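Notes follow once the structure below has been shown.
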Amino acid sequence: MQRRQLIQTAGFTALALSMSLASAQDSNKFKIGLILPMTGQQASTGRQIEAAARLYMAQNGDTVAGKKIELIIKDDVATPDVTKRLAQELIVNDKVNVIAGFGVTPAALAAAPLATQSKTPQVVMAAATSSITEASPYIVRTSFTLPQVSVAMGDWAPKNGVKTVVTLVADYGPGNDAEKFFSERFQLNGGKVVEKLRVPLRNPDFAPFLQKVRDAKPDALFVFVPSGAGAAVMKQFLERGMDKAGIRMIATGDVTDDDQLNDMGEGALGVVTSHHYSAAHPSPANKKFVEAFQKANPKMRPNFMAVGGYDGMRVIYEALKATKGQGGGDALLAAMKGQIFESPRGPVYIDAQTRDIVQDVYLRKVEKKDGQLYNVEFDVIKGVKDPGKAK
Ligand code: VNL
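First residue of the sequence shown: 929, per the working numbering; consecutive thereafter.
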C-alpha cells in the first residue's frame, strides 16, 4: 500500500516536474510565427523572406536577451482565409510572441484583427498597400508602400520626355495605390493619363491590355504588378514590339524585381523604375548583405522582399533586447516604434506615429554590370514618408 502510494507520488512528481520544466523551457523561448506564401503564384516572396530571416539569425545568433528564438514558418499560399487560420493557431496554440511575414495585402489584413485582440505585434515584411498599418495598432511595417515609391516616378517622368501615359496595374490594394499616387503627381506636373487599365491579380493575361496600350500610343506605359509577375509583363511587352512602337516602359521596382531581372533579357535594358531597394545599391552594408545572402543561397539574388524580411527580423531582435527579454506584446510594440538603423537599402526608421517605415526612394535604370542585369540607381529622394496617410 505504502509502496504503491510512494510510486504514485513519485510518478506525479515526475509528471509535475516535467510539466514545469516544459513551461520553464517555453518561457525561455521567444517564438516568431512567420506566415508566408511558400507555394503558389507568390512563392518567390516566401522563399526570399525565409532565406533572409534565416540569414539574419545565422549572423546574429538564435539567443537574444536570454531567450532562444524559434522561427515557425507556415505557408498561407497568399490566401487570406488560410492566413487567418494560421495566425489564430500560432497565437493560441503555439503562443508565439510575434507574427510576421505577410506576402500580400489581403493576407496582412486578414491577420490584423487577431493581432489586435491578442495584443500580438504583427510585423509586415512584404505587403505594401498604404492602409495596412491602419488595420491594427499592433502592425509595424518593414517593407514599403506603393504611394511612397510611385510619387517619385510621377515627378521623374514628365521631366524626362514623358507627356502621356497609360497606367496598367494589378487590380487590388497596392495596384490601386500605385495608379492613384502616380497619376495624381504626374498630372500635377502637367502630364496626361490617357487610360487607366487594371488586370486581375490571379493568372493575368496581359495581351488584351497591351493591345489597348498600343492603340492609345502613349509616350510611356506605367506598370505595377506584384513581385513574381514582372517577367511575364516584360516578356509580352517586348513580344508585342511596344518598345519598337515608341512606347517606353516605366514602373515601380516590383516589375524589375531582382529575383527575376537577370532572366528578363536585353529587352529590359533602359527601363526606369522607382523603388526603395536594389541589389546593386552601392553601400558597404548592402555589399556585405548581398554577398552573405548569395553565399548562403547560391542560386538566388536578394530582392526587396528579402530586405523587408531581414529588417523585420532586426526590428524584432532589437525590441526583444530593449525589453530585456521580458516584453509582452505592448512592450515589444513600443520598442519597435522609433527604431532607426542602417538597412541594406539605406538609412531607415520606423515612424513611431504611423508604425510605417520611412526610407530613401531611388530612381534606377536597368543596366548591364559584370554581364548581369541590375537596377542601377541614378537619383535619390531622401527620407520619404508614406504619402498615403492623409494627415
Ligand atoms: C504587394 C505589394 C505584394 C507589392 C507584392 O508582391 C508587391 C501586396 C508579392 O501588398 O500585396 O511587390
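Each residue gets a CB set at the ideal place from its N, CA and C atoms; glycine is no exception. In this text, all values refer to a predicted model and were calculated from it rather than measured experimentally.
Here's the rule I'm using: 16 or more other beta-carbon atoms within 10 Å means buried, otherwise exposed. How should residue i be labelled?
i	result
V1200	buried
P1075	buried
T1095	buried
R1130	exposed
D1258	exposed
A1148	buried
K1252	exposed
Q1300	exposed
S1071	buried
Q987	exposed
S1155	buried
P1102	buried
N956	exposed
L1116	exposed
T973	buried
E978	buried
L1197	exposed
V1090	buried
D990	exposed
For a test of the three-state rule: what should DSSP assign to residue i, helix, strand or coil?
i	result
G1274	strand
V1069	The sequence as given places Arg at residue 1069; Val does not occur at that position. Reduced to three states, the DSSP call for R1069 is strand.
V1161	helix
N1303	strand
S1202	strand
K1120	strand
F907	Because the chain spans 929 through 1319 in this model, residue 907 falls outside it and cannot be assessed.
G968	coil
A993	coil
V1090	coil
Y1100	coil
Q1287	strand
G1195	helix
G1311	strand
K1296	strand
R1229	coil
L1260	helix
D1022	coil
S1064	coil
S1046	helix
M1187	Inspection of the sequence shows that residue 1187 is occupied by Asp rather than by Met. Coil.
P1210	coil
A950	With a pLDDT of 47 at A950, under the threshold of 50, the predicted position of this residue should be treated as unreliable, and no value is reported.
T1057	coil
M1170	coil
L1014	helix
K1252	coil
K1317	coil
S1078	helix
D1182	coil
T973	helix
S1155	coil
L1129	coil
Identify every residue that forms a DSSP beta bridge with residue i.
i	result
R1176	A1148
G1240	G1240 pairs with nothing; no bridge assigned.
E998	K959
T1095	K1124, F1150
G1029	I963, V1052
I1268	Y1277
D1003	L964
Write down the C-beta distance between residue i and residue j rounded to the nearest angstrom, noting that I regard them as a contact closer than 8 Å.
i	j	result
F1152	A1085	In fact, because the Cβ distance is near 14 Å, the residues do not count as touching under 8 Å.
I1268	D1288	With a Cβ gap of about 13 Å, I1268 and D1288 do not count as contacting.
L983	A1213	The pair is not a contact, with the Cβ atoms about 14 Å apart (cut-off 8 Å).
V1235	S1202	That belief does not hold up - the Cβ atoms of V1235 and S1202 are roughly 16 Å apart, past 8 Å.
M1264	V1294	With a Cβ gap of about 35 Å, M1264 and V1294 do not count as contacting.
G1082	R1126	At roughly 18 Å, the Cβ-Cβ gap does not stay under 8 Å, so G1082 and R1126 are not in contact.
K1067	A1043	According to the sequence displayed, residue 1067 carries Ile and not Lys. Confirmed, about 7 Å.
D1186	N1231	4 Å
V1005	T967	6 Å
D1003	G961	In fact, because the Cβ distance is near 12 Å, the residues do not count as touching under 8 Å.
V1052	A1036	5 Å
M1170	M1192	Their Cβ separation, rounded to whole angstroms, is 14 Å, which puts M1170 and M1192 out of contact at 8 Å.
D1307	Y1290	7 Å
Y1277	A980	Not really, about 20 Å apart at Cβ, beyond 8 Å.
S1078	F1109	4 Å
Checking contacts by CB at 9 Å: is residue i closer than that to chain D?
i	result
P1128	The structure shown has no chain D; it contains just one protein chain.
Comparing the CB of residue i with every heavy atom of the ligand GTP, is any distance shorter than 8 Å?
i	result
A1036	This structure simply doesn't include the ligand GTP; it includes the ligand VNL instead.
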